[in-house]
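Visitor: Chains as they are written, first to last, in my numbering: chain Z, 1 to 224; chain P, 1 to 224. My questions will all concern the structure given below.
There are 2 protein chains.
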Amino acid sequence: MAENIVQGLRDEIENGIVTNQFAPGERLDEMQLAKHFGVSRTPVREALMQLSAIGLVEIRPRRGAVVVEPGPHRIYEMFEVMAELEGMAGSLAARRHTDEDRANLLAAHAQCTQSSNAEDTDTYYYDNERFHQAVYTASHSSFLIEQCLALHRRLRPYRRLQLRVRNRMITSFNEHAAIVEAILSGDAEAARTHLRQHIAVQGDRFSDLIATLAAQRKNGQATG
Amino acid sequence: MAENIVQGLRDEIENGIVTNQFAPGERLDEMQLAKHFGVSRTPVREALMQLSAIGLVEIRPRRGAVVVEPGPHRIYEMFEVMAELEGMAGSLAARRHTDEDRANLLAAHAQCTQSSNAEDTDTYYYDNERFHQAVYTASHSSFLIEQCLALHRRLRPYRRLQLRVRNRMITSFNEHAAIVEAILSGDAEAARTHLRQHIAVQGDRFSDLIATLAAQRKNGQATG
DNA sequence: ATTCCAATTCTTGTATACAAGATAGTTGAC
DNA sequence: GTCAACTATCTTGTATACAAGAATTGGAAT
Chain Z
1 MAENIVQGLR DEIENGIVTN QFAPGERLDE MQLAKHFGVS RTPVREALMQ
51 LSAIGLVEIR PRRGAVVVEP GPHRIYEMFE VMAELEGMAG SLAARRHTDE
101 DRANLLAAHA QCTQSSNAED TDTYYYDNER FHQAVYTASH SSFLIEQCLA
151 LHRRLRPYRR LQLRVRNRMI TSFNEHAAIV EAILSGDAEA ARTHLRQHIA
201 VQGDRFSDLI ATLAAQRKNG QATG
Chain P
1 MAENIVQGLR DEIENGIVTN QFAPGERLDE MQLAKHFGVS RTPVREALMQ
51 LSAIGLVEIR PRRGAVVVEP GPHRIYEMFE VMAELEGMAG SLAARRHTDE
101 DRANLLAAHA QCTQSSNAED TDTYYYDNER FHQAVYTASH SSFLIEQCLA
151 LHRRLRPYRR LQLRVRNRMI TSFNEHAAIV EAILSGDAEA ARTHLRQHIA
201 VQGDRFSDLI ATLAAQRKNG QATG
């Protein structure tokens with residue numbers, strides 16, 4: 001974070017939000033952040049401005065910045081859009097992938113095979129990220145890649161939540177296999193459908209999870 | 001622009017970029033902007049930070065902010081993504097539109113009919129925007145709506161360029177008719193396809209236009 | 001004349017100062 | 001005892017000051 005302080009702060013705070021260090025709804029005190037990072041308020045504010053432009057924090061006039069709290073329905077909507085974008089990436093990847101993309105995709109899938117077999121959800125989480133990024137890359141559309149990466153990143157905390165769901169990892173892995181098959185065989189529509197479904201399911205699961213948690217909370221906090 | 005100076009500056013500068021007042025590649029001098037808007041550099045910088053986060057401006061360390069120059073290929077990619085997002089919006093609109101959405105869509109389409117018949121490209125340009133926004137709204141996905149509006153806005157200057165192309169307006173209008181028909185009849189896939197095509201064509205036309213301009217430039221600047 | 005280097009000037013990046021609005025705590029009245 | 005209002009404190013928003021890195025201009029040497 002040496003050179004370009006603002007960018008560094010932006011990344012740090014964004015990461016803090018995405019990893020739930022800064023919880024949704026939490027207030028981001030400028031002076032506190034400034035002191036914590038050993039800088040003045042100016043670069044902190046500039047970083048917060050950037051984050052507010054992205055939609056990660058909300059700046060209420062004269063009342064400071066807070067981490068946005070998307071709400072279950074909005075998160076579902078974000079998964080919907082993500083599904084569409086990934087479907088598009090898959091479709092383009094099927095038509096445009098190079099030998100290098102093929103190798104990349106297969107390598108990422110192999111990693112997923114390993115971590116899936118080992119039932120190592122933490123590792124699978126990272127390998128899964130790499131897999132999806134391989135798909136984006138193979139689309140050869142730099143703008144699409146950027147959009148996908150940005151949204152993927154924003155949905156991180158909610159995706160992570162899901163691997164806890166029973167059998168989600170093995171199901172996910174099987175879906176990956178179909179995606180790889182479709183892309184490498186050049187079947188654009190199949191790639192699109194499989195990827196769209198793969199992501200859309202996550203939105204559904206997320207909704208289920210929320211419903212479950214809400215129900216648990218209603219039936220007494222003993223489980224919470 | 002009285003209350004919330006930064007937001008006001010952000011809008012002003014963004015608008016300046018989107019309307020080509022600030023040309024792509026142009027340097028945005030902080031002090032100049034500050035003087036122009038009668039404020040200090042601080043809020044100007046914060047506005048520029050926001051614009052850089054959106055991708056409208058690039059801030060090169062210690063070398064100031066410049067308006068980003070997407071380049072033909074990137075603009076084409078942006079149209080590709082826009083096509084997909086609008087297709088998605090159309091698909092959702094077909095399934096979710098309310099009576100109010102129906103009325104809105106028909107009203108916007110009626111406006112387009114008028115300006116199209118009058119061959120008034122300037123008015124059609126605005127009516128067209130309203131039409132597309134009516135589609136977004138009918139999707140009832142707030143996140144998607146935001147994404148669509150943001151990208152739509154960014155593509156403004158390049159869309160505007162196109163209405164100059166012979167017969168583009170009347171073709172566009174005919175496509176609108178098919179889109180309205182598909183959405184109101186609840187045919188999600190038709191709506192998606194028609195909208196996707198409607199936008200994708202713009203990317204194609206844009207490419208053609210660039211190619212034409214490049215060719216003209218090569219054959220001597222007489223045509224200017 | 002052209003090119004390279006140095007010095008000056010300009011611009012950015014960060015810190016700090018100051019003003020104004022928000023929050024909280026305390027006091028007073030009912 | 002509770003509610004309201006006032007005051008004190010804290011935080012944000014903007015301006016300004018200052019340091020350091022670019023750009024530019026002038027000069028010298030080839």
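We put the beta carbon where it would ideally sit given N, CA and C, even for glycine.
#1: Counting only the same chain and skipping the five closest in sequence on each side, list residues whose C-beta sits under 7 Å from that of Y76(P).
#2: Please specify which runs of the alpha helix (DSSP H), each continuous and at least 4 residues long, are wholly inside the segment 114–181 of chain Z, giving them in chain order.
#3: Just verifying my parser: in three-state terms, what is the DSSP assignment at V39(P)?
#4: Tell me the rounded alpha-carbon separation between V68(P) and N117(P).
#5: Under 8 Å between beta-carbons, which chain Z residues line up against R45(P)? List them in chain order, please.
#6: Check the Cβ-Cβ distances between A53(P) and every residue of chain Z, and say whether any is below 8 Å.
#7: Name the chain Z residues whose beta carbon is nearer than 9 Å to that of V81(P)?
#8: Considering G8(P), what are the terminal residues of the alpha helix (DSSP H) in which it resides?
#9: Could you tell me whether the segment 6–13 of chain P touches the segment 116–134 of chain Z, where touching means 3 or more Cβ pairs closer than 8 Å?
#10: For the alpha helix (DSSP H) holding V201(Z), just list the boundary residues, first then last.
#11: Would you decide whether L33(Z) is buried or exposed? Buried here means 16 or more other CB atoms lie within 10 Å of its CB.
#12: Since G64(P) is in the beta strand (DSSP E), which residue starts that stretch and which ends it?
#13: Roughly how many angstroms lie between the CA atoms of A182(Z) and D187(P), to the nearest whole one?
#14: Does any residue of chain P have a CB that is nearer than 8 Å to the CB of R74(Z)?
#15: Any Cβ of chain P within less than 8 Å of the Cβ of N4(Z)?
#16: In or out: S40(Z) buried (at least 16 other Cβ within 10 Å) or exposed?
#17: Pull up the DSSP beta-bridge partners for R27(P), would you.
#18: Tell me, please, which residues DSSP counts as bridged to R60(Z).
#19: So what does DSSP say about F22(P), is it helix, strand or coil?
#20: Quick one: grab the DSSP three-state call for H97(P).
#21: Does the beta carbon of M31(Z) sit closer than 8 Å to a beta carbon anywhere in chain P?
#22: Below 8 Å on C-beta distance, what does Q50(P) contact in chain Z?
#23: Flag G224(Z) as yes if its beta-carbon sits less than 8 Å from any beta-carbon of chain P, otherwise no.
#24: Could you name the residues of the same chain whose beta carbon sits closer than 7 Å to that of L51(P), not counting the 5 residues immediately before and after it, in chain order?
#25: Within a Cβ cutoff of 8 Å, which residues of the same chain sit near L149(Z), ignoring the five residues on either side of it in sequence?
#26: Cutting at 6 Å between CB atoms, please list the residues of its own chain near R27(P), excluding the five before and the five after it.
#27: DSSP three-state label for S52(P), please.
#28: Taking the alpha-carbon of E100(P) as reference, which of R217(P), A23(P), H140(P) has the nearest alpha-carbon?
#29: Strictly under 8 Å for the Cβ-Cβ distance: is E77(Z) near chain P by that measure?
#30: Name the residue from F37(Z), H73(Z), E3(Z), R60(Z) whose alpha carbon lies nearest to the alpha carbon of E3(P).
#31: From L161(P) to M78(P), what does the alpha carbon distance come to, in whole angstroms?
#32: What's the gap between the Cα of A222(Z) and the Cα of R164(Z)?
#33: Within the same chain, show all residues whose beta-carbon is closer than 7 Å to that of P43(Z), passing over the 5 residues directly before and after it, in chain order.
#34: Between N104(Z) and R196(Z), what straight-line distance do the alpha-carbon atoms span, to the nearest angstrom?
#35: In chain Z, which residues lie less than 9 Å from P61(P) when you measure between Cβ atoms?
Guide: Taking the geometry as given:
#1: Counting from 1 along the second sequence, the entry for residue 76(P) is found at position 76. Closer than 7 Å at the Cβ level, and outside the excluded window around Y76(P), lie G203, F206, S207.
#2: 121–139, 142–154, 156–162
#3: As a first step, residue 39(P) is located in the second sequence; it is residue number 39 there, counting from the start. V39(P) falls in the coil class under three-state DSSP.
#4: Position 68 of the second sequence holds residue 68(P). Position 117 of the second sequence holds residue 117(P). Taking the straight line from one Cα to the other gives about 37 Å.
#5: For the purposes of this step, residue 45(P) is taken as the residue at position 45 of the second sequence. Within 8 Å Cβ-Cβ: E46.
#6: Position 53 of the second sequence, counting from 1, holds the residue named residue 53(P). By this cut-off, A53(P) is an interface position.
#7: Counting from one through the second sequence, the residue named residue 81(P) turns up at place 81. Chain Z residues near V81(P): L85, M88, S141, F143, L144, Q147.
#8: Working through the second sequence from its first residue, we reach residue 8(P) at position 8. Element bounds for G8(P): 5–18.
#9: no
#10: Translated into positions along the first sequence, residue 201(Z) becomes position 201. Run containing V201(Z): 188–218, per the alpha helix (DSSP H) assignment.
#11: Within the first sequence, numbered from 1, the residue matching residue 33(Z) stands at position 33. The residue is buried, with at least 16 neighbouring Cβ atoms inside 10 Å.
#12: Locating residue 64(P) in the second sequence gives position 64, where the first residue counts as 1. G64(P) -> beta strand (DSSP E) spans 64–67.
#13: Translated into the one-based positions of the first sequence, residue 182(Z) becomes position 182. Translated into the one-based positions of the second sequence, residue 187(P) becomes position 187. A182(Z) and D187(P): Cα-Cα distance of roughly 27 Å.
#14: Reading the first sequence from its first residue, position 74 is the one you call residue 74(Z). Judged by the 8 Å Cβ criterion, R74(Z) is in contact with chain P.
#15: Here residue 4(Z) refers to the residue found at position 4 of the first sequence. Yes, contact with chain P.
#16: Numbered from 1 along the first sequence, position 40 holds the residue referred to as residue 40(Z). With fewer than 16 other Cβ atoms within 10 Å, it is exposed.
#17: Stepping through the second sequence from its first residue, residue 27(P) is reached at position 27. R27(P) pairs with V66(P).
#18: Mapped onto the first sequence, residue 60(Z) falls at position 60. G64(Z), per the DSSP bridge assignment.
#19: Stepping through the second sequence from its first residue, residue 22(P) is reached at position 22. In this structure, F22(P) counts as coil in the three-state DSSP scheme.
#20: Position 97 of the second sequence, counted from the start, is the residue given in the question as residue 97(P). In the structure shown, H97(P) sits in coil (DSSP, three-state: anything other than H, G, I, E or B).
#21: For the purposes of this step, residue 31(Z) is identified with residue 31 of the first sequence, where counting begins at 1. False, the Cβ-Cβ gap to chain P never drops below 8 Å.
#22: Start at 1 with the first residue of the second sequence, and residue 50(P) comes out as number 50. Here the neighbours are M49, Q50, S52, A53.
#23: Here residue 224(Z) corresponds to residue number 224 of the first sequence, with the count starting at 1. With a pLDDT of only 35 at G224(Z), under 50, the local geometry of the prediction cannot be trusted, and the value read off the model is given with reservation. With 8 Å as the cut-off, G224(Z) does not count as an interface residue toward chain P.
#24: As a working note, residue 51(P) is residue 51 in the second sequence. R10, I13, E14, V57.
#25: Residue mapping note: residue 149(Z) aligns to position 149 of the first sequence, counting from 1. Counting only Cβ-Cβ distances below 8 Å, and skipping sequence neighbours, we find Q133, Y136.
#26: Position 27 of the second sequence holds residue 27(P). For R27(P), where only same-chain residues beyond five positions count, the Cβ hits under 6 Å are G64, V66.
#27: Here the question's residue 52(P) lines up with position 52 in the second sequence. Note: S52(P) maps to helix in three-state DSSP.
#28: The residue you call residue 100(P) lines up with position 100 of the second sequence. When each option's Cα is compared against that of E100(P), the closest is H140(P).
#29: Here residue 77(Z) refers to the residue found at position 77 of the first sequence. Taking Cβ atoms only, chain P reaches closer than 8 Å to E77(Z), which makes this a yes.
#30: Taking the second sequence and counting its residues from 1, the one referred to as residue 3(P) is at position 3. Here the closest residue by C-alpha is R60(Z).
#31: For the purposes of this step, residue 161(P) is identified with residue 161 of the second sequence, where counting begins at 1. For the purposes of this step, residue 78(P) is identified with residue 78 of the second sequence, where counting begins at 1. Computed Cα separation, rounded: 15 Å.
#32: The residue given as residue 222(Z) occupies position 222 in the first sequence. The residue given as residue 164(Z) occupies position 164 in the first sequence. The predicted model places A222(Z) with a pLDDT of 46, which falls under 50 and marks its position as unreliable, so this point remains unresolved.
#33: In the first sequence, residue 43(Z) corresponds to position 43, counting from 1. The answer, listed in chain order, is I5, V6, L9.
#34: Position 104 of the first sequence, counting from 1, holds the residue named residue 104(Z). Position 196 of the first sequence, counting from 1, holds the residue named residue 196(Z). Computed Cα separation, rounded: 21 Å.
#35: Counting from one through the second sequence, the residue named residue 61(P) turns up at place 61. Correct list: E3, N4, Q7.
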